[in-house]
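First comes the structure, then the notes that go with it.
Numbering (the numbering used here), first residue to last: -15 to 194.
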């Protein structure tokens, strides 16, 4: 039963780095999990309690958390994936979830809360502006900074991140030059990313990049 970060540790204990840090970029769920372990070590607090205290509460994110999926959660959307074997054409993802998500994924939110998160970031409620610049710099030419995707095109500079799982897709884009914040969430496979890309194209046409 995966309810605490300690429950996940045996799954990655034998993992070894795929390359020397700083040599190249590759997204890693294990890396994100280890960041959560470091947070617990440094703060001496439960990871989930700490995230509620320093991320959700300052931003007013009242509908975001890593819920325990073996208990009812009010207003929680159920995800669906196409299934040609099903007479309905869809299969729900309820029994594909781990009991509780963690630093690498499995959290829940709303578009309103994601918008609040972006506003809190921009307002410096979490880290300094110098830290934001470091996080939002593409250090290795991989369109990725420290925990954020980083791109620049006709729409200007955009930072954010996507998320996905069976029956789940989300995208948060923060347009640094134009001030737009775009949060899209979907309870089907690949339902959010195409819409977010379309919105990015529209913004690129109405506001040339700087």
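The beta carbon of each residue, even a glycine, is placed where N, CA and C say it ideally should be.
Keep in mind it's a predicted model, so treat the numbers as computed, not measured.
Beyond the five residues adjoining it in sequence on each side, residue 164 comes within less than 7 Å, by CB distance, of 187 in the same chain, given in chain order.
The Cβ atoms of residue 50 and residue 86 sit closer than 8 Å to each other.
Distance from the Cα of residue 139 is smallest, within the candidate group 180, 108 and 150, for 180. In the three-state scheme derived from DSSP, where H, G and I count as helix and E and B as strand, residue -13 is classed as coil. A residue is called buried when at least 16 other Cβ atoms come within 10 angstroms of its Cβ; residue 78 does not meet this threshold and is exposed. Excluding residues up to 5 positions away in sequence, 129 lie with their Cβ nearer than 7 Å to the Cβ of residue 123 in the same chain.
Here residue 176 is buried. Its C-beta has 16 or more other C-beta atoms within 10 Å. In the DSSP secondary-structure assignment, residue 152 is bridged to 149.
For residue 135, the enclosing beta strand (DSSP E) begins and ends at 133 to 137.
Taking the CA atoms as reference points, residue -13 sits about 46 Å from residue 190.
Distance from the CA of residue 136 to the CA of residue 71, rounded to the nearest whole angstrom, comes to 44 Å.
Contact check for residue 147 against residue 154 passes: the beta carbons are separated by less than 8 Å. Going by beta carbons, residue 89 and residue 13 fall inside the 8 Å limit. Annotated three-state conformation of residue 141 is strand, per DSSP.
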